[in-house]
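J.:
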Amino acid sequence: MALIEFNNFSFSYLNSDGSESQTKALNNINLEINYGDFVLLCGPSACGKTTLLTNLKKELMPAGVRTGEIKFNGVKIQDLDDISSGCDIGYLFQNPDSQIVTDTVIQEIAFPLENIALPTEEIRNRISEIVAFFGINGILHKNVNELSGGQKQLVNLCSLLVLRPKVLLLDEPMSQLDPIASYEFLSIVRRLNEEFSITVIMSEHKADSIFPFIDKAVFLKNGRIEFNGNSHDICDDVVDDDIFENYLPTVTKIYNSLSVKYPSLSKLNTPLSIREGRGCLNTIHDDLIKISGDDDYSNNLVSNHIAQSSKRYHSQEKIAIIDKLSLNRNKDVLVKMKGIYFAYERDHLILKNLDFDLNKGEFVSLIGGNGVGKSTFLQLLVGMLKPIKGKLKYKKGIKLAYVHQNPMIHFSKDNVKEEFLESIIESNLFNKLNDKKGNDNRNNNINFNKEEYEKLLKLSNEEFIESDILNSLEFDNTKFKFKDLIEFFDISDLINKHPYDCSGGEQEKIVIVKAILQNADVLILDEPTKGLDPISSKALADILNSLRDNGLTILMSSHDLDFVANNCKRCLMLFDRDIQIDDDPKVIFAENNFYTTFTNRMVKEYIPEIVTFNDVKSKWDLK
Numbered sequence: 001m002a003l004i005e006f007n008n009f010s011f012s013y014l015n016s017d018g019s020e021s022q023t024k025a026l027n028n029i030n031l032e033i034n035y036g037d038f039v040l041l042c043g044p045s046a047c048g049k050t051t052l053l054t055n056l057k058k059e060l061m062p063a064g065v066r067t068g069e070i071k072f073n074g075v076k077i078q079d080l081d082d083i084s085s086g087c088d089i090g091y092l093f094q095n096p097d098s099q100i101v102t103d104t105v106i107q108e109i110a111f112p113l114e115n116i117a118l119p120t121e122e123i124r125n126r127i128s129e130i131v132a133f134f135g136i137n138g139i140l141h142k143n144v145n146e147l148s149g150g151q152k153q154l155v156n157l158c159s160l161l162v163l164r165p166k167v168l169l170l171d172e173p174m175s176q177l178d179p180i181a182s183y184e185f186l187s188i189v190r191r192l193n194e195e196f197s198i199t200v201i202m203s204e205h206k207a208d209s210i211f212p213f214i215d216k217a218v219f220l221k222n223g224r225i226e227f228n229g230n231s232h233d234i235c236d237d238v239v240d241d242d243i244f245e246n247y248l249p250t251v252t253k254i255y256n257s258l259s260v261k262y263p264s265l266s267k268l269n270t271p272l273s274i275r276e277g278r279g280c281l282n283t284i285h286d287d288l289i290k291i292s293g294d295d296d297y298s299n300n301l302v303s304n305h306i307a308q309s310s311k312r313y314h315s316q317e318k319i320a321i322i323d324k325l326s327l328n329r330n331k332d333v334l335v336k337m338k339g340i341y342f343a344y345e346r347d348h349l350i351l352k353n354l355d356f357d358l359n360k361g362e363f364v365s366l367i368g369g370n371g372v373g374k375s376t377f378l379q380l381l382v383g384m385l386k387p388i389k390g391k392l393k394y395k396k397g398i399k400l401a402y403v404h405q406n407p408m409i410h411f412s413k414d415n416v417k418e419e420f421l422e423s424i425i426e427s428n429l430f431n432k433l434n435d436k437k438g439n440d441n442r443n444n445n446i447n448f449n450k451e452e453y454e455k456l457l458k459l460s461n462e463e464f465i466e467s468d469i470l471n472s473l474e475f476d477n478t479k480f481k482f483k484d485l486i487e488f489f490d491i492s493d494l495i496n497k498h499p500y501d502c503s504g505g506e507q508e509k510i511v512i513v514k515a516i517l518q519n520a521d522v523l524i525l526d527e528p529t530k531g532l533d534p535i536s537s538k539a540l541a542d543i544l545n546s547l548r549d550n551g552l553t554i555l556m557s558s559h560d561l562d563f564v565a566n567n568c569k570r571c572l573m574l575f576d577r578d579i580q581i582d583d584d585p586k587v588i589f590a591e592n593n594f595y596t597t598f599t600n601r602m603v604k605e606y607i608p609e610i611v612t613f614n615d616v617k618s619k620w621d622l623k
């Protein structure tokens, strides 16, 4: 008997008036998950991943209409007793801060045990066991606010594991973790699955590091299961699918492209890991050497003098890039940070003597581990925080728009429509429109006629998006019309929804559009790709690059190294309270061995300077 069974299960959320939504969030789901399975859920934002997970946890079940059934260990989920549901099924949220309820680590781990009224001695025994297993003695008495994102997520996981669950439900648990912290977290989850047979059901958009370890992948679209099978079968099934091909590991995508050019590869098992991928490349080693560069370069590779090749690349191309960056930095400086010091607590500096110039028209990324100070850096730059020492200078008249890594902070209205109108009003674009038409409504705080505002609120989704007045607005840094932004981000159906009713990925899209609608000179984004599926990430990249081409300046923090490498020309790496590296991201990742892209790790032996999948296809002339 399967541990978890979905039998013809469908679910619809409720509309604001209490009626059933006509769009099913889950539609006729049939799925079996066995004891000890490691299952990966993939699919576009709002495809039903979180809805499926929350329907497996009685305490988190959303309000709505259900048909069919879900069984856990032969018992309907709704009929589980509180102890079984609370202890046997553990749920880990995407945002580490969403789950923390106490002040210190030891209190956080003890809290669930106290809730089920275990004796004090038993509580201490369980805590000591879990602390020893995870090696977290050093942070046991720390305040949780002092922990990095990776440490918080580990503490959250410990607070679930002390209850000794049979199943872990993980909702994009690594989306806010840096690459190194993600590997550490995944290695722990894998160990729990392999050594203790804990069933794991994890939703995730970026599955490079997960695919090698899963037993089953479930690909969802519009609430339906489109593909369901083991990792190798899934890779074969979706290879030609325009949507789901984007969810495959980078290793697999490189293999698929090479297989077209070298048919002998198709006889091998589809690789899922770097080790398997390199094994496939070794079977066409001589061919790859020929297409990877000139004879000298190839001879170096054959002689295993890869370091010398890498050094040659750095000594020539890196100098050219640095020279180009230096020229750019003599241009129009919009924000200057000089000798910046900052601390949340006395004698514990987060940033120390930091210097930084942000120049007009740049697209700059900020990378580094969790807790290194990236968000602090951005909040200092936009004026949300004040340095304890040092100066910030802004070019006169520039306007900055900021997107926090927690999108819910930006919401204050009852629907997305009002959120967008609020941003447009703050941007003064309606005033410019009135000035252009010769209107004078200075006594009206929205300055384009309150009656028009009320009319906009009453429009249907389609009418609002096509509205003449909204599509007549002229942005300073983009030629996009209002409806273009909505269509690019695929949020047409969200206009009349409450922002809190949207998925995490949808909320991220909404706040980015809100920021763009503010018509700012500088766009500051804290983890903008967090929660976005691969298709939405590409749409975001297209829009940001278009905005940059039209003169907008962009600074973002990110853990998405592929997004950084594909789109940014300047990258800052924070380390030890200062900017350790300021360079082209492709140079940085080519030099790195661990903190780099999966593409670079896969092809480093042949083309160490290549860090993106598109560059591999171009270099090796692949389709």
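Residue numbers (full-length UniProt numbering): 1 to 623. Ideal placement from N, C-alpha and C gives every residue a C-beta, glycine not left out. The structure displayed is predicted, hence computed values, not measured ones.
In its own chain, which residues sit with a C-beta less than 8 angstroms from the C-beta of S159, not counting the 5 before and 5 after it?
T.: Counting only Cβ-Cβ distances below 8 angstroms, and skipping sequence neighbours, we find Q99, E108, I109, F111 and P112.
J.: Specify the secondary structure class of N145 as computed by DSSP and reduced to three states.
T.: If DSSP states are grouped into helix, strand and coil, N145 belongs with the helices.
J.: What's the call for P249, buried or exposed, on a 16-neighbour Cβ count within 10 Å?
T.: P249 comes out buried.
J.: Among residues of its own chain, excluding the 5 on either side of D355, which ones have a beta-carbon nearer than 8 angstroms to its beta-carbon?
T.: Excluding sequence neighbours, D355 sits near M337, K338, G339, I340 and I579.
J.: Spell out a yes or no on whether the stretch 167-176 and the stretch 529-547 are touching, meaning 3 or more CB-CB pairs, one atom from each, closer than 8 angstroms.
T.: A contact exists between the stretch 167-176 and the stretch 529-547.
J.: Looking at I106: is its Cβ nearer than 7 angstroms to the Cβ of L140?
T.: Contact flag set, yes.
J.: By Cβ distance below 8 angstroms, which residues in the same chain neighbour A539 in space, the five residues on each side in sequence not counted?
T.: Excluding positions up to five away in sequence, the list reads F488, F489 and D490.
J.: Can the beta-carbon of T270 be found closer than 7 angstroms to that of T252?
T.: It is a contact, given that the beta carbons lie within the stated cut-off.
J.: If you measure between the beta carbons of F377 and I554, is that distance less than 7 angstroms?
T.: Taking 7 angstroms as the Cβ cut-off, F377 and I554 do not qualify as a contacting pair.
J.: Return the first residue and the last residue of the alpha helix (DSSP H) that G277 is part of.
T.: I274 to N282 is the span of the alpha helix (DSSP H), which, as asked, contains G277.
J.: From L561 to Y595, what does the alpha carbon distance come to, in whole angstroms?
T.: Computed Cα separation, rounded: 9 angstroms.
J.: Output the distance between the C-alpha atoms of F38 and E474, rounded to the nearest integer angstrom.
T.: Approximately 50 angstroms between the Cα atoms of the pair.
J.: Using the Cα positions of V382 and C568, report the straight-line distance between them to the nearest angstrom.
T.: Each residue's Cα considered, the two are about 20 angstroms apart.
J.: With the cut-off set at 7 angstroms, would you say A63 and N370 are in Cβ contact?
T.: Contact flag unset, no.
J.: Can you tell me whether F11 is buried or exposed, with buried defined as 16 or more other CB within 10 angstroms of its CB?
T.: Counting Cβ neighbours within 10 Å, F11 comes out buried, since at least 16 surround it.
J.: Between the beta-carbon of A541 and the beta-carbon of T612, is there less than 7 angstroms?
T.: No, they are not a contact pair.
J.: Within 10 angstroms of the Cβ of L327, are there 16 or more other Cβ atoms? Answer buried if so, exposed if not.
T.: Any reading at L327 must be qualified, since the residue scores a pLDDT of 46, below 50, and its modelled position is unreliable; the value itself is stated next. Exposed is the call here.
J.: Quick one: grab the DSSP three-state call for G86.
T.: Note: G86 maps to helix in three-state DSSP.
J.: Do the stretch 45-64 and the stretch 210-229 make contact, defined as three or more Cβ pairs closer than 8 angstroms?
T.: A contact exists between the stretch 45-64 and the stretch 210-229.
J.: Around the C-beta of K389, are 16 or more other C-beta atoms found within 10 angstroms, so that it is buried, or is it exposed?
T.: Exposed, since its Cβ has fewer than 16 Cβ neighbours within 10 Å.
J.: I need the DSSP call for A117, collapsed to helix, strand or coil.
T.: In the structure shown, A117 sits in coil (DSSP, three-state: anything other than H, G, I, E or B).
J.: Of the residues G43, G74, G86 and L31, which one's Cα is nearest the Cα of K57?
T.: Answer by Cα proximity: G86.
J.: Could you tell me whether the stretch 129-137 touches the stretch 66-84, where touching means 3 or more Cβ pairs closer than 8 angstroms?
T.: The stretch 129-137 is not in contact with the stretch 66-84.
J.: Determine which residues share a DSSP beta bridge with S197 and list them.
T.: The partner list for S197 (beta bridge, DSSP) is empty, contrary to what the question assumes.
J.: According to DSSP, is N299 helix, strand or coil?
T.: Because N299 sits at a pLDDT of 43, beneath the cut-off of 50, its placement in the model cannot be relied upon, and the point is left open.
J.: Tell me which same chain residues have a C-beta within less than 7 angstroms of the C-beta of Q379, skipping the five on either side of it?
T.: Result list for Q379: L385, in chain order.
J.: If you draw a straight line from the C-alpha of I516 to the C-alpha of V189, how long is it?
T.: Each residue's Cα considered, the two are about 38 angstroms apart.
J.: Consult DSSP for I77 and reduce its assignment to one of helix, strand or coil.
T.: Reduced to three states, the DSSP call for I77 is helix.
J.: Would you call the stretch 69-78 and the stretch 251-266 in contact, with 3 or more CB pairs under 8 angstroms?
T.: With a cut-off of 8 angstroms, the stretch 251-266 and the stretch 69-78 do not count as touching, because too few Cβ pairs lie within range.
J.: Counting only runs that start and end within the stretch 545-617, where is the beta strand (DSSP E) found for 3 or more residues in a row?
T.: DSSP runs (the beta strand (DSSP E)) wholly in the stretch 545-617: 553-557, 570-575 and 578-583.
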